[in-house]
Amino acid sequence: MGWSGGGLGKQGEGIVKPIEVKQRPECAGIAFSDVKEKTKQAKEEARRRGEQWGDQIIVDATGKEYSSLSAALAKHAVPTNDSTQLIEIRHNLRLICDGNSKALDLLANEGSAIQDRRKWLERKLHEAVRRKQNLVTKHDRVETIAKIVREIELLGKRAAIDPKIGLDSLMQPVQDILQRHRDAIAEMEIDAALVGAITPIFKRELSQWSSLQDPTRLCIPLKSISGALRISVKDEIMMPYQSLLWNVWMPPVRSALNNEWDVFGSTAVTKFYESWTPLLPAFIRDNVTHQLILPKLRSAVSDWDGKSVLYKVVFPWMPLLHHQIDDIILESKRRIRSSLKSWRVSEGIPSELRKWRDVFRTSEWDSMLLEYVVEKLSTYLRVELKITASPRAQDR
């Protein structure tokens with residue numbers, strides 16, 4: 001617990017020797033300057049601490065510059081050996097660094113956000129420029145198409161009063177649209193303007209047209225402009241071209257097929273059907289097929305009496321109607337078998353029979369011949385056939 005040598009204090013930084021007292025000479029006042037105040041022990045202690053002795057500057061604290069010792073020392077760092085102050089300094093430095101790090105992170109995030117917004121604005125600028133170019137291009141295209149449509153409408157108005165103007169006059173302006181602006185037909189409803197222009201011409205042509213005598217007369221000019229009529233469009237609302245055919249074209253066609261068509265002479269009708277099918281919307285084509293053609297074919301087959309030529313009713317339609325005529329073919333085969341029941345050998349081989357050979361399957365054909373032909377032939381040969389030998393043959 002006592003002093004064991006070394007400097008005083010926990011770290012030994014205090015004085016080593018006990019304090020010595022140095023006396024001043026007698027009758028020496030405060031102003032006496034010939035006596036050194038420090039003792040030998042004080043000088044050794046100062047030397048141990050590394051202090052440099054010499055002339056020192058005495059600060060005049062009475063002037064304006066320094067009013068106190070603390071003010072004089074305020075601009076100078078005060079050395080210390082206290083470790084607690086180092087911890088506080090480290091803590092303060094850490095707080096400063098953390099604050100600066102957060103500030104830098106905020107600045108970095110703000111800079112990144114600015115860069116992202118700059119890129120977004122550049123994209124918007126490019127998009128706006130592109131949109132402007134598209135609008136300019138579209139505007140120019142609309143003006144060109146509007147000019148062509150006005151020409152078509154003008155032709156339609158002239159055609160209404162001039163019978164010399166036909167559908168052929170519309171072929172060139174429509175071809176111009178198809179070659180340069182095909183994709184704008186639906187967008188700008190060019191088909192409506194075109195149908196409006198051809199309606200008066202179409203009505204006049206139909207009034208002079210016989211669908212069975214000249215079935216292809218109107219097909220050629222219509223085919224040339226069909227690309228602008230949107231024929232194959234499927235919509236709940238009837239398109240202009242579909243409305244034109246249904247209201248203007250369909251009535252005379254229905255009348256001709258119901259009243260003028262002889263099913264045993266179908267060449268003109270099959271030619272009509274084959275020519276007009278590519279120009280008809282699906283619902284009109286189905287109406288013609290199922291309401292006008294197939295019913296007459298079924299009626300002709302069911303009423304066939306064996307005297308007329310049945311294959312002329314059925315065969316021309318097989319390449320055109322395909323599976324839609326399957327029931328008619330089945331009924332025709334049944335009628336052929338039925339006709340063989342009343343057939344007589346003396347009448348000769350029916351010319352109708354040879355035509356149907358490829359329609360029947362081999363098994364059906366063989367079975368029908370065995371049942372109705374071979375049996376009658378054998379009976380005929382056994383009963384009806386008589387062979388008389390001549391006398392000359394008997395002599396031999």
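At position 170 of the sequence shown (counting the first as 1) the number is 170 in UniProt numbering, and the numbers step up by one without a gap.
Glycine is no exception: its CB is placed at the ideal position from the N, C-alpha and C atoms.
Other residues of its chain near residue i: CB distance less than 6 Å, five sequence neighbours each side excluded
i           : result
residue 269 : 261
residue 257 : 292
residue 339 : 306
residue 53  : Bear in mind that the predicted position of residue 53 carries a pLDDT of just 47, short of 50, making it unreliable; the figure below should be weighed with that in mind. Cβ within range, chain order: n/a, list empty.
residue 149 : 193
Of the listed residues the options, nearest to residue i (C-alpha basis)
i           : options            : result
residue 175 : 222, 45, 362       : 222
residue 349 : 374, 364, 197, 289 : 374
residue 342 : 307, 321, 361, 87  : 307
residue 245 : 264, 267, 212, 200 : 200
residue 181 : 203, 211, 164, 143 : 143
residue 226 : 213, 240, 214      : 240
residue 283 : 259, 242, 316      : 242
residue 346 : 360, 354, 319, 380 : 380
residue 271 : 214, 186, 369, 146 : 214
residue 322 : 372, 105, 289      : 289
residue 281 : 259, 267, 237      : 237
residue 208 : 364, 163, 168      : 163
Sub-7 Å separation of residue i and residue j beta-carbons
i           : j           : result
residue 356 : residue 336 : yes
residue 191 : residue 141 : no
residue 155 : residue 197 : yes
residue 203 : residue 248 : yes
residue 273 : residue 212 : no
residue 228 : residue 185 : yes
residue 224 : residue 171 : yes
residue 145 : residue 173 : no
Close Cβ partners of residue i (< 8 Å) along its chain, the five nearest in sequence each way excluded
i           : result
residue 301 : 310, 313, 314, 328, 331, 332, 335
residue 305 : none
residue 219 : 275, 276, 279
residue 378 : none
residue 297 : 263, 313, 314, 317, 325, 328
residue 166 : 159, 201, 205, 221
Contacting residues, own chain, Cβ-Cβ under 7 Å from residue i (five flanking each side not counted)
i           : result
residue 285 : 277
residue 382 : none
- Write down every uninterrupted run of the alpha helix (DSSP H) in the region 279-348 whose length is 4 residues or greater and which is fully enclosed by it, in chain order. 282-287, 294-302, 311-314, 318-321, 326-341
- Message: Just to confirm the assignment: which complete alpha helix (DSSP H) runs, minimum length 4, are found wholly within the region 119-176?
- Response: none
- Contiguous alpha helix (DSSP H) assignments of at least 4 residues, all confined to the region 202-230: 219-225
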